[in-house]
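Participant: Numbering (the working numbering), first residue to last: 8 to 95.
1) Give a yes or no on whether the minimum CB-CB distance between residue 18 and chain C is below 8 Å.
2) Can you have a look at residue 40 and say buried or exposed, based on whether 16 or more other CB atoms are within 10 angstroms of its CB?
3) State the beta-bridge partners of residue 42 as determined by DSSP.
4) Taking the CB atoms as reference points, tell me whether residue 9 and residue 61 lie closer together than 8 Å.
5) List the DSSP bridge partners of residue 14.
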């Protein structure tokens, strides 16, 4: 019987690599992503593609309302800071 793994999948390279390694190790993988109020749905679309293409048994998307703790450039109308001093 294969060991099970829950892999957090964002749709990016890091989480795709982790899922790929887990599958290579013959684990029964379940992908988990979060709908945290991100501006664009492209992350979740990419996460679904990664989960399917790498053979996850299931891809679950859970709501995680980060706006309860405050906003960020990922979730609200805040501009993404550019050319900021790395020392600050």
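The beta carbon of each residue, even a glycine, is placed where N, CA and C say it ideally should be.
Facilitator: According to the data block:
1) Considering every chain present, this structure includes no chain C. It has just one protein chain.
2) Position 33 of the chain shown, counted from the first residue, corresponds to residue 40. Buried, because 16 or more other Cβ atoms sit within 10 Å of the Cβ of residue 40.
3) Indexing the chain shown from 1 puts residue 42 at position 35. Its beta-bridge partners are 70.
4) Residue 9 sits at position 2 when you count from the first residue of the chain shown. Residue 61 sits at position 54 when you count from the first residue of the chain shown. No; because the gap between Cβ atoms is not below 8 Å, this pair is not in contact.
5) For this step, residue 14 is matched to residue 7 along the chain shown. The partner list for residue 14 (beta bridge, DSSP) reads 38.
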